[in-house]
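Reading through the structure tokens given below for one structure.
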Amino acid sequence: MDELRAVLLGRMKAAFDSVEEGADPVLRPSERADFQANGVLPLAKRLGRNPSEVASQIIVAAELDDVCERVEVSGRGFINLTISERFIAGQLSEQATDERLGVPMASDPEVLVVDYSHPNVAKEMHVGHLRSTIIGDALCRMLGFAGHTVVRENHIGDWGTPFGMLIEHLLDIGEEKAVHELSVGDLDTFYRQAHVSFDDDEQFRERSRHRVVLLQSGDPETLRLWRVLVERSVRYFDDVYSKLGVLLTDDDIVGESFYNDILSDVVRDLEAIGLLVESEGARCVFPLGFTNRDGDPLPLIVQKSDQGFGYAATDLAAIRDRVGRLGAKCIVYVVGAPQAQHLEMCFAVARMAGWLPEPVKAVHVAFGNVLGADRKMLRSRSGVPVKLVDLLDEAVQRADAAVTGRDPSLAHDERDRVAQMLGVGAVKYADLSTERTRDYTFDWDRMLAFEGNTGPYLQYAHARIRSIFRRGNLSAPSSYPTPNLAEPAERALGLALLGFAGAIEATLEQWSPSRLCSYLFELATAFTTFYETCPVLKAPPDVLPSRVLLCELTGRVLERGLDLLGIQAPDQM
Ligand code: ARG
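Under our numbering, the first residue of the sequence shown carries the number 227, and numbering increases by one thereafter.
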């Protein structure tokens with residue numbers, strides 16, 4: 227649809243220009259036709275002319291004969307445009323022979339750094355990290371497909387004062403036990419017990435503070451213990467990533483500790499430019515435009531009163547590194563909405579310091595919470611935050627139960643594979659299909675349903691297409707016929723197929739994978755209607771090749787679309 231829209235928009239713009247330079251055609255999808263141009267009325271008013279006369283002039287100037295089969299003026303100069311079947315068919319033929327399915331390469335490929343997932347060492351990954359991981363992964367896939375150079379950075383929390391406490395706790399319970407707890411993914415117990423000791427035991431607190439000093443001064447034994455914590459936790463994160471099937475690898479880890487050596491430079495340089503202000507013993511920058519509720523300027527604390535560097539200093543150092551060393555033209559932060567102010571302040575300070583020069587962009591891709599059925603933060607039955615691995619395992623189990631009995635011809639190990647794709651796909655799709663800034667309710671039954679805007683529905687649509695090919699002993703056509711779009715359902719499916727490029731473009735423009743999800747859902751729905759009204763295998767010989775083409779192209783767009791979301795498409799289920 228968007229391919230067509232682009233063509234139409236070009237013609238209409240030129241025609242409006244011929245009446246008044248720069249006049250907006252206001253082209254919209256329409257119920258009455260395919261598109262409606264609503265820009266005539268305001269234009270006619272401005273010129274003091276009769277709207278239908280202006281409309282007629284524009285229609286002639288637009289030269290739409292090859293694109294439109296009907297052009298009508300209704301009401302007060304609304305131009306209704308109906309695309310011709312020939313034009314849609316021609317575009318479809320091009321899409322079918324294009325490996326990229328009509329999705330253009332970016333005209334201005336850029337280096338983008340995507341900061342996502344970023345769990346914290348020796349701390350359980352929570353659902354916020356799940357969202358970041360899933361959304362970030364989908365965006366990286368799409369950016370890469372569009373031809374950009376994508377640098378994935380997993381900014382794990384692996385440094386800072388909590389490590390004094392964590393290392394002391396490791397020593398208290400013994401290295402062996404600590405390694406075991408972390409290896410089996412019991413990060414929660416480990417972290418909680420460390421915290422209990424810290425809260426209850428003055429001596430432990432003292433030891434922890436001393437340990438932080440040792441860590442920061444590079445004491446070899448302390449660093450070794452710290453590394454044990456990091457390595458074990460990373461191994462656990464890797465388990466979660468491999469269950470999720472995301473692109474992240476250990477090479478993408480650029481944790482907070484990475485910037486340790488340049489934090490003092492960051493502070494020194496801020497000092498030299500005259501941006502640092504001493505406030506209650508801490509060293510801060512007050513970026514313009516950030517105030518608290520009382521209207522007082524808000525500080526971004528760069529160095530705390532105890533000389534320690536904070537989260538903000540690390541983020542400033544990271545911006546410098548990403549722009550300076552990596553040459554990023556855009557830094558994308560896939561981070562929960564509560565950190566919006568922190569990030570905006572970091573961006574503002576980095577701009578003031580010249581570390582984020584125009585036109586380099588920094589974007590906060592914020593997202594909302596995951597809620598339980600009670601509309602509160604998602605918790606397990608026992609009341610503790612849910613563990614991600616448990617969530618994924620449960621998803622696969624439930625998917626397995628859902629596929630059982632659907633397709634008896636599915637071999638046992640094949641069924642396991644399908645359950646895996648379905649369960650993980652359902653969790654990912656439920657996350658991605660919700661407009662990201664909104665909270666969403668984690669609802670097993672809804673996300674695993676085979677009907678509605680769900681992962682399984684799209685996966686099923688894909689499997690169904692493959693099964694048509696299996697049953698009909700068809701192979702992908704070696705040359706493509708010109709599609710026949712005489713039936714309304716064929717025409718609607720054709721139009722839907724052409725919308726793929728536009729959906730990806732909209733997703734990247736708004737950093738919102740839900741756009742691609744809505745598109746794929748519409749496509750699958752159009753396919754369902756087509757399949758219910760137009761026989762394929764039993765089609766009359768003259769339309770059979772065309773219908774096969776529509777099926778094949780739909781299957782490819784669904785598969786590629788799901789792949790760009792990080793979701794696998796089974797051939798059978
Ligand atoms: N580790 C942090 C957390 O769990 C998120 C880090 C986000 N990235 C960043 N550059 N600040 O909340």
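Glycine is no exception: its CB is placed at the ideal position from the N, C-alpha and C atoms.
CA-to-CA distance, Ala-750 to Leu-788, given in whole angstroms: Spanning the two alpha carbons is a distance of roughly 12 Å.
Best match in Pro-446, Asp-363 and Ala-348 for proximity to His-456 [C-alpha to C-alpha]: For the sequence presented, residue 456 should be read as Val rather than His. The shortest Cα separation from Val-456 among Pro-446, Asp-363 and Ala-348 belongs to Ala-348.
8 Å Cβ cutoff met for Ile-284 and Ala-241: In this structure, Ala-241 lies closer than 8 Å to Ile-284 by Cβ.
As assigned by DSSP and simplified to three states, the class of Cys-777: Of the three classes helix, strand and coil, the one that applies to Cys-777 here is helix, per DSSP.
Which of helix, strand or coil DSSP assigns to Ser-704: coil
Beta-carbon separation (whole angstroms), Pro-277 vs Leu-267, contact threshold 8 Å: Their Cβ separation, rounded to whole angstroms, is 5 Å, which keeps Pro-277 and Leu-267 in contact under 8 Å.
Helix, strand or coil at Asp-478 according to DSSP, with G and I counted as helix: helix
heavy atom of the ligand ARG below 7 Å from Pro-388 C-beta: no
Leu-779 and Leu-318 closer than 8 Å at C-beta: Against a cut-off of 8 Å, the Cβ pair of Leu-318 and Leu-779 comes out as a contact.
Local conformation of Thr-308 per DSSP, three classes: strand
Reduced DSSP secondary structure (H/G/I, E/B, other) of Leu-526: Looking at Leu-526 - three-state DSSP - the assignment turns out to be strand.
Cβ neighbours of Asp-665 in the same chain (closer than 8 Å, five flanking residues each side left out): For Asp-665, where only same-chain residues beyond five positions count, the Cβ hits under 8 Å are Gly-594, Asn-595, Val-596 and Leu-597.
Nearest residue (CA-CA) to Val-293, options Ile-694, Gly-301 and Asn-306: Closest option to Val-293, judged by alpha-carbon separation, among Ile-694, Gly-301 and Asn-306: Asn-306.
Same chain, Cβ closer than 7 Å to Ala-702, neighbours up to 5 away in sequence not counted: Glu-778
Stretch pair the stretch 560-580 + the stretch 512-521: three plus CB contacts closer than 8 Å: yes
7 Å Cβ shell around Leu-552 - same chain, five flanking residues per side excluded: Closer than 7 Å at the Cβ level, and outside the excluded window around Leu-552, lie Val-337, Val-339 and Val-377.
Cβ pair count under 8 Å reaching 3, the stretch 429-446 against the stretch 374-393: yes
Test item: CB-CB of Leu-658 and Ile-314 under 8 Å: no
Given Gly-301 as reference, the closest of Asn-264, Leu-365, Phe-676 and Arg-697 once Cα atoms are compared: Taking only the C-alpha atoms, the option nearest Gly-301 is Asn-264.
8 Å contact criterion, which Asp-203 and Ala-689 should meet: CB distance rounded: As displayed, the chain neither begins before 227 nor continues past 799, which places residue 203 out of reach and without an answer.
Three-way DSSP call (helix, strand, coil) for Val-653 in this model: helix
Identity of the residue in Leu-648, Val-558 and Gln-442 nearest Glu-799 by Cα: Reading off the sequence, residue 799 comes out as Met, not Glu. Comparing Cα positions, the closest option is Leu-648.
Backbone secondary structure at Asn-486 - three-state DSSP: helix
8 Å Cβ cutoff, Gly-373 in contact with chain D: Of the protein chains in the structure, only one exists, and it is not chain D.
Residues near Ile-479 in its chain [Cβ-Cβ closer than 7 Å; skip 5 each side]: Closer than 7 Å at Cβ, skipping near neighbours: Asn-380, Ile-382 and Val-460.
Those runs of the beta strand (DSSP E) which lie wholly inside the stretch 247-333 and span at least 3 residues: For the stretch 247-333, whole beta strand (DSSP E) runs of length 3 or above, ordered along the chain, are 253-255, 261-263, 294-300 and 304-309.
Residue span of the beta strand (DSSP E) that contains Gly-562, given as start and end: 556-562
Nonlocal neighbours in the same chain, by C-beta distance under 6 Å from Gln-262, ignoring five residues either side: Excluding positions up to five away in sequence, the list reads Arg-254, Ser-256, Phe-304 and Asn-306.
First through last residue of the alpha helix (DSSP H) which encompasses Ala-750: 740-759
Anticipated Cβ contact below 8 Å, Gly-781 with Arg-692, distance rounded: 6 Å
Beta-carbon proximity of Leu-408 to Arg-458, cut-off 8 Å: The answer is yes: Cβ separation under 8 Å.
Lys-613, buried or exposed, once every other Cβ within 10 Å from all chains shown has been counted against 16: buried
Option nearest Val-783 by Cα separation, candidates Lys-602, Ile-527 and Leu-719: When each option's Cα is compared against that of Val-783, the closest is Leu-719.
Assigned exposure category for Ile-499 - 16 Cβ within 10 Å defines buried: exposed
Neighbour-count burial assignment, Pro-446, 16 or more Cβ in a 10 Å radius: exposed
Buried or exposed by the 16-neighbour rule on C-beta atoms within 10 Å, applied to Gln-533: exposed
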